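Inspection log for the structure reproduced underneath, given as structure tokens.
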Amino acid sequence: IQRREMEKEFREALSEGQFKLVYQPRYDIKTSRIAAIEALVRWQHPRHGLLLPDQFIPLAEETGLIIAMSDIVLEKACRDLLLLSPDLSVSVNISAVEFNTVGLAKRVKTALQKSGLEPSRLELEITENVTISNPEVTLETMTQLKAIGVRFVIDDFGTGYSALSYLKRFPFDGIKLDKSFVFAMEESDNAKIIVENIIGLGKAYSLAVTAEGVETAEQLKRLKQYHCDEAQGYFIGKPVALDELNLDVAFSM
Ligand code: C2E
Ligand code: CA
Ligand code: CA
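Under my numbering, residue 1350 is the last one in the sequence shown; the count climbs by one each step, no gaps.
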């Protein structure tokens, strides 16, 4: 009963515009400036208050309502970016479930057309455990969207299964090193070596590497030493509403 109730509420949320986006900056370590922002969805629930993705994405995936939510997110993120500097890109999270469905390429193209955003300013983040189940569809989607300039990155890199085979098989443009690796650097030298080597691995595959979960100046400094391309995390900036974004940051190291 509770599930059905939530599903009903989710449909209302879609039609009543209860999904909001917050944005988290992605910092280019070499140029010392914010190069992109990532859109993260929130559900402003009329009774339960602000809900985080972990509290409703699983239900959305199970019911297939993720597609409708994602269309809203995609279009809104593209439109919002047009209000900011033309140098910035935006990245949008695409659920595992969606990445294996036919029609994703068309939906992304529709969002780009409706908003008027140049495709080269859009990046899609996909969690690495997804490409497995339907490789042909995934490859077709990527090929179509890459042809117009959309970029693809593997999210939470290092936490899934056959990451290395994906790097050869699918035309990804970058990887986002999962925050657990960045956190672990504090505790052991071994973890530092692992981070340095994953960054090297990314380079060997000509992929841009973004480190997630950067919470301290110390972590950022190390990532710079390891020639990591981008950093994201609370130290750079927390996820905030569009009009609260501070894009004028530079960290001296
Ligand atoms: P993600 O894509 O890995 O996003 C990063 C998550 O880590 C965000 O949580 C962000 O608030 C949090 N985070 C960022 N920097 C730091 C840091 O320095 N330290 C710590 N401890 N955490 C940090 P959030 O917003 O709760 O999102 C959780 C997950 O929900 C996302 O993980 C993403 O997989 C998913 N998600 C978010 N928005 C969407 C969406 O529009 N569509 C889909 N399909 N999934 C989404
Ligand atoms: Ca992400
Ligand atoms: Ca991530």
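Where a beta carbon is used, it is the ideal one built from N, C-alpha and C, also for glycine.
Please read all numbers here as calculations on a predicted model, not as lab measurements.
Helix, strand or coil for residue i, going by three-state DSSP, please let me know.
{"i": "A1347", "result": "coil"}
{"i": "D1125", "result": "strand"}
{"i": "I1223", "result": "strand"}
{"i": "G1271", "result": "strand"}
{"i": "Q1245", "result": "The question names Gln, but residue 1245 in the sequence shown is Ile. Coil at I1245, not helix or strand."}
{"i": "E1237", "result": "helix"}
{"i": "Q1141", "result": "strand"}
{"i": "K1117", "result": "strand"}
{"i": "D1252", "result": "strand"}
{"i": "I1296", "result": "helix"}
Taking the alpha carbon of residue i as the point to measure from, which residue in the options has its own alpha carbon closest?
{"i": "H1142", "options": "G1114, G1161, Q1121", "result": "G1114"}
{"i": "A1244", "options": "P1232, I1134, I1154, K1206", "result": "K1206"}
{"i": "S1217", "options": "R1204, V1187, E1195, I1223", "result": "V1187"}
{"i": "K1273", "options": "F1254, A1347, L1342", "result": "F1254"}
{"i": "D1340", "options": "W1140, L1181, A1133", "result": "L1181"}
{"i": "D1345", "options": "V1194, A1133, A1202, G1146", "result": "A1133"}
{"i": "P1232", "options": "V1199, L1219, L1221", "result": "V1199"}
At what residues does the alpha helix (DSSP H) containing residue i begin and finish?
{"i": "S1188", "result": "Careful: S1188 lies outside any alpha helix (DSSP H), inside the beta strand (DSSP E) at 1186 to 1191."}
{"i": "E1341", "result": "Here E1341 belongs to no alpha helix (DSSP H), and DSSP marks it neither H nor E."}
Over the uninterrupted beta strand (DSSP E) stretch that includes residue i, give me the two end residues.
{"i": "G1146", "result": "1146 to 1148"}
Looking at residue i and ligand 3, is the gap between the Cβ and the nearest heavy atom below 6 Å?
{"i": "D1253", "result": "yes"}
{"i": "E1327", "result": "no"}
{"i": "E1233", "result": "no"}
Under the criterion of a Cβ to heavy atom distance below 6 Å, does residue i qualify as lining ligand 2?
{"i": "E1195", "result": "no"}
Is the closest heavy atom of ligand 1 to the C-beta of residue i under 6 Å?
{"i": "L1111", "result": "no"}
{"i": "I1126", "result": "no"}
Would you check if there are 3 or more beta carbon pairs closer than 8 Å linking the stretch 1308 to 1320 to the stretch 1105 to 1114?
no
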